[in-house]
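In this note's numbering, the protein residues as written are 191 to 498. Glycine included, every Cβ here is placed at the ideal spot set by N, Cα and C. This report concerns only the one structure given below.
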Amino acid sequence: MNQIKVFSPATVSNVACGFDILGFPIDSIGDEMIVRKTKKKSLVISNVTGYSVPLDIDKNVSTIAVKKMIEQLKPDCGFDFNIKKNIIPGSGIGSSGSSASASVYAINKLLGSPLSEIEMVTYAMKGEVASSITEHADNVAPALMGGLVMVKSISPLEILKLPTPKDLYCFVINPKIEVKTSYSREILPKEVKLKSATKQVSTFGSFVHSLHTEDYELLGRSLNDYLIEKHRKKLIPLFDQIKGIALNNGALGCSISGSGPSVFALTKGIEKANEINLLVSDLYKTSGYDFSTYVSKISENGVRTLSI
Ligand code: HSE
């Protein structure tokens, strides 16, 4: 195999109650990448289409992510990347995570799959450092593994796959403004109140329980965030109105996707997600902000091969 074309999904991370430790893929948007083996042992980004990302291999998350991997696997070739960047950087739906996962997955395939899923996550996380300064796996783990995942620990890396109730759907609005993850992390307090931490832990625990018991009502009561949302929501135009519309129209919960500015809502069934999509789109159309929306099942699929 000398060439591979892959699709790597966007992801919703944090999922309200699990800052830095919860995430899932959304199937309706993702980056595409063609990776080709080259004789010369180097990394080259020969083409980028879609949203603009650096061609410099020291600045592009896709190549940053694979550098360490190549150092360790020592392949007898180099690689050329042709990137179709469909996810706008700084969108809060795992733009860098998608690109980093795509390149790690593609090279692993081209080399005959020497790495396990968890090893791929370890390398893909290196790409995340470029955009958010700290390592976090709540975008790359769901992008590579599919489904609702929980990052139990970063060091050593331990990822748990959680069950996804079958009628769980997601609505996402991506206002087209850039919020840098590094900035969105910088504005967070370094310490939290014990009371808030206790509430968050109980909410997170009941969320996980609701997945195992397929209890949508409990799931809805568990999609709360006592630590992060209040500090970041000011970065998102009309956040309170979006959340109000979602919750008044049957959403189980609604919060910031990743580090923003995207906002997600979870629903039982696709009809409610479509309804919320129409209403929130109407709100945004009159606001003057450019935006995109997505409706997706909580996808069990992570990054995948489109052609070889
Ligand atoms: N968990 C990370 C954060 C996700 O919220 O900063 C960044 O996409």
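Grab the span of the beta strand (DSSP E) containing residue i for me, first residue to last.
i, result
"residue 445", "443-446"
"residue 359", "358-365"
"residue 239", "233-240"
"residue 273", "268-275"
"residue 496", "494-497"
Taking the alpha helix (DSSP H) that residue i falls in, what are its first and last residues?
i, result
"residue 259", "251-263"
"residue 378", "Segment: none, residue 378 is in no alpha helix (DSSP H) and carries neither H nor E."
"residue 397", "384-403"
"residue 288", "285-300"
"residue 437", "429-438"
"residue 420", "419-422"
"residue 330", "330-335"
Pull the bridge partners of residue i from the DSSP assignment, please.
i, result
"residue 200", "216"
"residue 349", "341"
"residue 411", "For residue 411, which the question treats as bridged, DSSP gives no partner whatsoever."
"residue 194", "225"
Would you please state the rounded distance, in angstroms, between the beta carbons of residue i and residue j? I believe it to be under 8 Å.
i, j, result
"residue 545", "residue 193", "Since the displayed the chain opens at 191 and closes at 498, residue 545 lies outside it and no answer follows."
"residue 359", "residue 463", "4 Å"
"residue 347", "residue 308", "6 Å"
"residue 195", "residue 496", "4 Å"
Flag residue i as yes if its beta-carbon sits less than 8 Å from any beta-carbon of chain B, otherwise no.
i, result
"residue 286", "Structure shown: chain B not included; a single protein chain is present."
* In chain order, which beta strand (DSSP E) runs of at least 3 residues are fully inside the segment 440-487? -> Complete beta strand (DSSP E) runs here, min 3: 443-446, 453-458, 481-487.
* **Contact the segment 293-310 vs the segment 208-222: 3+ CB pairs below 8 Å** => Contact between the segment 293-310 and the segment 208-222 is absent: fewer than three C-beta pairs spanning the two stretches fall below 8 Å.
* Is it true that the segment 443-455 meets the segment 411-428, where meeting means three or more beta-carbon pairs spaced less than 8 Å apart? -> yes
* Inter-stretch contact (C-beta, 8 Å, three-pair minimum) for the segment 482-491 and the segment 333-349 -> yes
* Asked: With a cut-off of 8 Å, do at least 3 Cβ pairs link the segment 246-255 to the segment 283-294?
  -> yes
* To do: Taking 8 Å as the threshold, find out whether the segment 253-260 comes into contact with the segment 307-320 through three or more Cβ pairs.
  => yes
* Touching by the beta-carbon criterion (3+ pairs, under 8 Å), the segment 387-403 and the segment 475-484 -> no
* Do the segment 234-249 and the segment 406-417 touch if we need at least three Cβ pairs shorter than 8 Å? -> No contact exists between the segment 234-249 and the segment 406-417.
* **Sufficient close CB pairs (3 or more, under 8 Å) joining the segment 231-240 to the segment 270-279** => yes
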